[in-house]
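Residue numbers (my numbering): 2 to 218. Ideal Cβ positions, reconstructed from N, Cα and C, are used throughout, including at glycine. Presented below is the structure to which this report refers.
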């Protein structure tokens, strides 16, 4: 069984019952305490690093609900970007997919592996992935949630998606309705992409909105 990162001493468990599925996740009791860690503070000074991976963000919860009660992408092999503690990837696993969970933080991947193993999943791998240096392997489906929070990451993310998604593949990006979502859509459209927008019931919307959960497909 995978261990948990030593940089966090206090953990809690949360059990989610969604449709016919039950998932147990282990997550930091207080993610903000990492901000007091001298090592985190030093890395922040050097690289502007923030330990976002340690929080369970709202779009991941809602994407999990969509996967387990509504529908999943039309593929059995999925790549998740920015997996964090792994909830969305767990939902994809529970829905019967084979999932590659990726993040640029080793701590996040450690927690994601722990959570996948404690739920009995085996059809997964985890690996480090830097959006600025994506691997050559392509996937029929790429998913992500809560990854549009900083504008400086939008171009690298779009570049990575172009490299990682197969031709005629599917991309699902879940967002809680940040204003930056609109900027990301405009950048995607400049590349000739035509993202469709859906709400949490998978009803298509005519346009993106601020303040409400949406999935870009």
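Taking only three categories from DSSP, how would you classify residue i?
| i | result |
| --- | --- |
| residue 31 | coil |
| residue 54 | helix |
| residue 133 | coil |
| residue 48 | helix |
So the beta strand (DSSP E) residue i belongs to, where does it begin and stop?
| i | result |
| --- | --- |
| residue 215 | 215-217 |
| residue 125 | 125-129 |
| residue 143 | 140-146 |
When burial is assigned at 16 or more other CB atoms within 10 Å of the CB, is residue i buried or exposed?
| i | result |
| --- | --- |
| residue 74 | buried |
| residue 143 | buried |
| residue 213 | exposed |
| residue 208 | exposed |
| residue 12 | exposed |
| residue 84 | buried |
| residue 131 | exposed |
| residue 116 | buried |
Which residues mark the beginning and the end of the alpha helix (DSSP H) in which residue i is found?
| i | result |
| --- | --- |
| residue 157 | 155-165 |
| residue 184 | 181-191 |
| residue 64 | 59-70 |
| residue 88 | 88-95 |
Who does residue i pair with in a DSSP beta bridge?
| i | result |
| --- | --- |
| residue 175 | 146 and 216 |
| residue 13 | 28 |
| residue 104 | 129 |
Pair every Cβ in the region 117-124 with every Cβ in the region 148-165, then say whether three or more of these pairs are closer than 8 Å. Judged by Cβ distances under 8 Å, the region 117-124 makes no contact with the region 148-165, as fewer than three pairs qualify.
The region 97-114 contacting the region 196-206, beta-carbon criterion three pairs below 8 Å: Too few Cβ pairs lie closer than 8 Å, so no.
Touch check for the region 147-154 and the region 50-70: three-plus C-beta pairs under 8 Å? Contact holds: three or more Cβ-Cβ distances are below 8 Å.
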